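The structure appears below as C-alpha cells.
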Amino acid sequence: MTVLYPENSTGRAQPPAHWHRRGWLTRLLAAGAASWAGALPSALAASRPSSVTLSTTQEPSSLDPTVDALAAVGGVVHYNILEGLTRIEENGSVSPLLAERWNVSPDGLRYSFDLRRGVRFHDGAPFTADAVRFSFERSAAPTSTNKARKALFSNIAGIQADGPHRLHLALHHADAQFLFRLGENTAVILHPQSAGQAATQPVGTGPYRLADWRKGHSLRLVRADAYWGRKPRMDSGTFRFIIEPDEQAAALDSGEVDLLFQFATPIVQRFRGNADFQVLVGASSGKAMLALNNRRAPLDDVRVRRAITHAIDREAFIRRGFDGRGYPIGSHFAPTDAGYLHLESFYPYSPERARALLAEAGVRAPLHLRCALPSTPYAITGAPLLVQYLAEVGITLEPVPMSWKEWLAGPFKGDFDTTFINHIEPMDYLIYTDPEYYFHYDSSAFRELAARHAQASNARQRQQLFARIQRHLTHDAVNAWVYTPQVGTVVRKGLRGTWVNYPIVAHDLGAMWWE
0 MTVLYPENST GRAQPPAHWH RRGWLTRLLA AGAASWAGAL PSALAASRPS
50 SVTLSTTQEP SSLDPTVDAL AAVGGVVHYN ILEGLTRIEE NGSVSPLLAE
100 RWNVSPDGLR YSFDLRRGVR FHDGAPFTAD AVRFSFERSA APTSTNKARK
150 ALFSNIAGIQ ADGPHRLHLA LHHADAQFLF RLGENTAVIL HPQSAGQAAT
200 QPVGTGPYRL ADWRKGHSLR LVRADAYWGR KPRMDSGTFR FIIEPDEQAA
250 ALDSGEVDLL FQFATPIVQR FRGNADFQVL VGASSGKAML ALNNRRAPLD
300 DVRVRRAITH AIDREAFIRR GFDGRGYPIG SHFAPTDAGY LHLESFYPYS
350 PERARALLAE AGVRAPLHLR CALPSTPYAI TGAPLLVQYL AEVGITLEPV
400 PMSWKEWLAG PFKGDFDTTF INHIEPMDYL IYTDPEYYFH YDSSAFRELA
450 ARHAQASNAR QRQQLFARIQ RHLTHDAVNA WVYTPQVGTV VRKGLRGTWV
500 NYPIVAHDLG AMWWE
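Under numbering that gives the first Met the number 0, residue 514 is the last one in the sequence shown; the count climbs by one each step, no gaps.
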C-alpha cells in the first residue's frame with residue numbers, strides 16, 4: 000500500500016509511530032462501536048444528537064479545491080461533498096475511494112484503475128471514466144489555477160477511458176507519491192455539466208451536499224440520501240467560521256460548537272482538565288515560515304535572507320508563542336517526512352551573525368520590510384515575536400493584517416516583501432521549481448535536482464537526491480522556515496471519529512458519531 004512518505008529514510012525523524020497504530024485502533028473501535036450501537040434500544044439511539052458543529056478559523060473563498068489554493072476549501076468539501084479516486088487516511092496511508100482497485104506497471108509509468116460502479120453525482124449524473132478524464136484535463140490545462148498542476152497533472156502524459164469503469168493513465172516520469180497525490184483535494188472528481196458551478200454550488204459524489212452558506216458566518220451540509228457508500232450517522236454538519244481564539248473558546252463553552260480545530264495555540268490548552276472536553280494534540284505536515292520575495296531587493300540577496308533566518312530564535316519562538324507545541328525546521332519539510340534532515344542548525348540563532356551579513360550586503364539599518372499577515376491565530380500570535388527578533392538586528396518588520404481574500408489577491412500574486420504563512424500541504428517542495436510561484440525563487444540547479452529525483456529508478460538514489468533537495472533550499476535560504484506546528488483539536492465529550500493527526504486538512508463528517 001502506498002503511504003504518505005514513500006522515501007526510504009535514514010534521517011533521525013520518522014512519522015510518529017502512533018499514526019499507524021492509531022489508524023488500526025480507530026478502525027477497531029469504530030467497528031466495535033457500530034456493533035454495540037446496533038444492540039441499543041431504539042429509543043436511546045433516537046435520543047442521540049444527529050448533527051455536529053465545527054469551528055475553524057478560515058472561511059473558504061470558494062468551494063472548488065481544483066481552482067482555489069486555500070486549504071480551508073478542502074477542509075469543508077473534501078470527503079464530504081467531493082471525492083477523488085483514492086483516500087488519504089489519518090495515518091497517511093492511501094486506500095481506495097472512487098477507484099476500487101488499481102494496477103501499476105513495473106516501471107511506474109502506467110496506472111490502470113477499476114472505477115466504482117453504481118456511483119452518481121448529487122444531481123443524478125453517473126460517475127464514469129469520462130468524468131475523471133474531464134477533471135484531470137481541466138486541471139492540467141495551461142490556464143488552470145490548480146495548485147497541483149505542476150506536481151500532479153502536468154506529469155500525466157495520457158488518459159484513456161476503456162468503457163465507463165476502466166481508466167488508464169500514462170505518466171511522463173514515475174512518481175512514488177502518485178496515488179497519494181490522487182487522494183488530495185486538488186484531485187477530486189467533478190462532472191463536466193456541473194463543474195462550472197463548483198465554486199458556489201459544488202456537485203459531488205460524497206456523503207453530504209451543500210444546504211446553505213451564510214458568508215462570514217457558517218456553512219451547513221446535509222446528508223446525501225443517495226450516497227453510494229455507508230450511510231453517515233450524522234444527518235448534518237455545520238462549519239462555523241470564527242477568527243478570534245477567545246470567541247472560538249466562548250462558542251465551545253456555550254455549546255454553540257462541538258469541535259474546535261486550529262494549529263496548536265495557547266487557547267487549546269485552556270480546555271485541558273475540563274471533563275466536558277477532550278484535547279487532542281497531533282502531528283501535521285505544516286511548514287510555518289516567514290516567506291520572502293526573492294525577486295524584490297534587498298531580499299534578492301542571499302546574504303539578507305540568511306541574516307533574517309539567523310535573527311529568529313526558533314526554539315524560543317515555539318516556546319513563547321505556542322507553549323512548545325511544534326518543532327523547529329530549517330527547510331521546506333516537516334519532521335514527519337521520511338528522509339527528513341535536521342537542518343535548523345545550518346543557520347543557528349545569532350543576532351551578531353545576522354548584523355554582519357546585513358552589513359556585508361550593504362544594507363543600512365533600519366531596513367524596513369512589510370509583513371503580510373493572514374487572519375489566522377498562528378499569524379496573529381507569531382508576528383509580534385518576529386517583529387521583536389528582527390528589530391534586534393536592525394530590521395523593522397511592519398505587520399500588515401489582511402483577510403485571506405486580500406492575501407490571495409496580493410502576496411499570493413507576488414506583491415509582498417514578507418508574509419508569515421503555514422504551508423500545510425505534505426511534500427509540496429515542487430513549488431520551488433516554479434519561478435512564478437509567489438516567492439519567485441528561480442534556480443535551474445534546483446529544478447534539475449527535482450527532475451532527477453522524480454526520475455530516479457531506485458530508492459537509494461531517490462533518498463540521496465531528496466537529501467540534496469533539502470540542503471539546496473536551505474543553502475539558498477529561500478525562506479526563513481521557523482517550525483512545524485502541532486494540530487490542536489478540542490472535542491466535546493461523546494463526539495467520536497475525529498482525527499488527531501492531520502497529514503492533510505480534512506474534516507470527514509461521515510466518520511463522526513455521538514456515543
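Heads up, the beta-carbon is just placed ideally off N, CA and C, and yes, glycines get one too.
All of these numbers come straight from a predicted model, not from anything done at the bench.
Through-space distance from residue j to residue i, alpha-carbon basis
{"i": "ASP98", "j": "ILE241", "result": "Checking the sequence, you will find Ala at residue 98 rather than Asp. Distance between the alpha carbons of ALA98 and ILE241 is about 36 Å."}
{"i": "TYR339", "j": "TYR348", "result": "21 Å"}
{"i": "TYR78", "j": "GLY361", "result": "52 Å"}
{"i": "ALA505", "j": "VAL303", "result": "37 Å"}
{"i": "GLN469", "j": "HIS452", "result": "12 Å"}
{"i": "ARG495", "j": "ASP299", "result": "49 Å"}
{"i": "ALA378", "j": "PRO484", "result": "12 Å"}
{"i": "ARG180", "j": "GLY272", "result": "39 Å"}
{"i": "ALA364", "j": "THR85", "result": "52 Å"}
{"i": "LEU24", "j": "VAL499", "result": "Here LEU24 scores only 34 on pLDDT, less than 50, and its place in the model should not be relied on; the value that follows carries that caveat. In a straight line, the C-alpha of LEU24 is about 12 Å away from that of VAL499."}
{"i": "LEU259", "j": "LYS492", "result": "13 Å"}
{"i": "LEU429", "j": "TYR482", "result": "19 Å"}
{"i": "ALA68", "j": "ALA355", "result": "38 Å"}
{"i": "GLN460", "j": "LEU151", "result": "21 Å"}
{"i": "ALA479", "j": "GLU243", "result": "26 Å"}
{"i": "GLN57", "j": "PRO434", "result": "28 Å"}
{"i": "GLY74", "j": "THR65", "result": "13 Å"}
{"i": "VAL72", "j": "GLU447", "result": "32 Å"}
{"i": "LEU389", "j": "THR375", "result": "21 Å"}
{"i": "THR418", "j": "GLY117", "result": "47 Å"}
{"i": "ARG305", "j": "VAL103", "result": "43 Å"}
{"i": "ALA186", "j": "SER61", "result": "16 Å"}
{"i": "GLY157", "j": "GLY107", "result": "14 Å"}
{"i": "GLY203", "j": "PHE120", "result": "5 Å"}
{"i": "GLY487", "j": "ILE328", "result": "19 Å"}
{"i": "GLN176", "j": "ASN90", "result": "15 Å"}
{"i": "ASP322", "j": "PRO125", "result": "50 Å"}
{"i": "PRO334", "j": "ARG352", "result": "26 Å"}
Reduced DSSP category for residue i - H, G, I as helix; E, B as strand; rest coil
{"i": "GLY381", "result": "helix"}
{"i": "ASN293", "result": "coil"}
{"i": "GLN268", "result": "helix"}
{"i": "LYS575", "result": "Since the first and last residues shown for the chain are 0 and 514, residue 575 lies out of range."}
{"i": "ARG213", "result": "strand"}
{"i": "PRO410", "result": "helix"}
{"i": "ARG137", "result": "helix"}
{"i": "GLN247", "result": "helix"}
{"i": "SER374", "result": "coil"}
{"i": "VAL93", "result": "strand"}
{"i": "GLN261", "result": "strand"}
{"i": "PHE332", "result": "coil"}
{"i": "GLY320", "result": "helix"}
{"i": "HIS309", "result": "helix"}
{"i": "GLY83", "result": "coil"}
{"i": "PRO105", "result": "coil"}
{"i": "ASP299", "result": "coil"}
{"i": "SER253", "result": "helix"}
{"i": "SER235", "result": "strand"}
{"i": "ASN421", "result": "strand"}
{"i": "ASP224", "result": "coil"}
{"i": "GLN387", "result": "helix"}
{"i": "LYS530", "result": "For the chain, the structure presents residues 0 to 514; residue 530 sits outside this window and is missing."}
{"i": "LEU340", "result": "coil"}
{"i": "PRO347", "result": "coil"}
{"i": "GLU359", "result": "helix"}
{"i": "ALA364", "result": "coil"}
{"i": "GLY73", "result": "helix"}
Supposed contact pair residue j and residue i - C-beta distance, whole angstroms, cut 8 Å
{"i": "ILE188", "j": "LEU168", "result": "Actually they do not touch by this definition, with Cβ atoms about 13 Å apart."}
{"i": "GLY393", "j": "LEU357", "result": "6 Å"}
Interface flag, residue i vs chain C, CB-CB below 7 Å
{"i": "TYR428", "result": "Here there is only one protein chain, and chain C is not present."}
Closer than 6 Å: residue i CB and nearest the ligand FMN heavy atom
{"i": "LEU429", "result": "As for the ligand FMN, it is missing from this structure, which has no ligand bound."}
What are the uninterrupted segments assigned as beta strand (DSSP E) that are 3 or more residues long and contained completely in the segment 431-510, given in chain order? 479-484, 486-491
Is it true that the segment 164-180 meets the segment 65-79, where meeting means three or more beta-carbon pairs spaced less than 8 Å apart? no
**Prompt:** If you pair each beta-carbon of the segment 506-514 with each one of the segment 47-65, do three or more pairs fall below 8 Å?
**Reply:** yes
Requested in this report: Determine contact between the segment 185-204 and the segment 470-483, defined as no fewer than three beta-carbon pairs at a distance below 8 Å.
Outcome: Touching, no.
Item to check | Contact between the segment 233-251 and the segment 201-218 (3+ Cβ pairs under 8 Å) | outcome: yes
Note down, one range per segment and in chain order, each alpha helix (DSSP H) of at least 4 residues found wholly within the segment 170-206. 177-181
Are the segment 247-266 and the segment 401-413 touching by the rule of at least three beta carbon pairs closer than 8 Å? no
Does the segment 308-320 come close enough to the segment 272-281 to have 3 or more Cβ pairs within less than 8 Å?
-> Touching, no, given that fewer than three Cβ pairs across the two stretches are closer than 8 Å.
* Asked: Does the segment 287-296 come close enough to the segment 436-443 to have 3 or more Cβ pairs within less than 8 Å?
  -> yes
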